[in-house]
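So the structure is just underneath, and the comments pick up after that.
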Amino acid sequence: MSDKLINIFYQSHAGSWAFLVILFVIAFVLFKIGIAKGGKIVHMILRLFYIIMLVSGVGTLIGYGFPLMYIIKGILAFFMIGLMEMVLGRTQRKEPAGMFLILLIFFVAIVVLMGYGVISF
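Taking my numbering, the leading residue of the sequence shown gets 333, the next gets one more, and so forth.
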């Protein structure tokens with residue numbers, strides 16, 4: 333795979349992470365204040381960015397030759413997406429989501445630190 337293609341995947345992946353965090357916060361706030369229709373729209377756009385993030389992450393993983401750290405980062409990212417969905421679903425249904433939100437913040441911190449090379453092995 334060419335360096336240019338790897339860079340395209342990497343930049344798409346990094347950009348989609350930024351959008352994921354922003355869209356998640358917007359959807360969470362909209363559900364929390366009771367604007368369900370707006371929350372659903374943002375939630376669907378967030379799901380589109382899940383797909384973009386996963387596809388670009390797999391492309392980057394292939395380009396780098398499947399290093400173990402990035403495989404683990406990908407697995408943690410799947411858990412993170414699940415936690416995002418659980419937090420938004422519980423918030424939409426007006427159920428407590430505090431524990432899942434704390435776990436989500438922990439997973440986001442770990443995955444981002446792994447992505448920037450702060451945590452490596």
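Here a beta-carbon is modelled for each residue, glycine too, at the ideal position from N, C-alpha and C.
For residue i, three-class secondary structure by DSSP
i, result
"G448", "A small fix is needed here, since residue 448 is Tyr in this sequence, not Gly. Y448: coil per DSSP, three-state reduction."
"S344", "helix"
"G430", "helix"
"I373", "helix"
"I367", "coil"
"G391", "helix"
Nearest candidate by alpha-carbon position, reference residue i, set the options
i, options, result
"R425", "W349, I365, Y396", "I365"
"F351", "N339, I384, S334", "I384"
"L435", "Y448, E417, G447", "E417"
"A441", "G421, K405, M376, N339", "K405"
"L386", "S334, G430, W349", "W349"
Cut-off 7 angstroms between Cβ atoms - residues of its own chain near residue i, not counting five sequence neighbours on either side
i, result
"F453", "M401"
Within 8 angstroms, strictly: CB atoms of residue i and residue j
i, j, result
"F356", "G391", "no"
"V443", "F360", "no"
"L433", "G395", "no"
"G371", "F363", "yes"
"L408", "F439", "yes"
"S388", "S344", "yes"
Residues near residue i in its chain [Cβ-Cβ closer than 8 angstroms; skip 5 each side]
i, result
"L445", "I451"
Own chain partners of residue i with C-beta closer than 6 angstroms, once the 5 adjacent residues on each side are dropped
i, result
"P428", "none"
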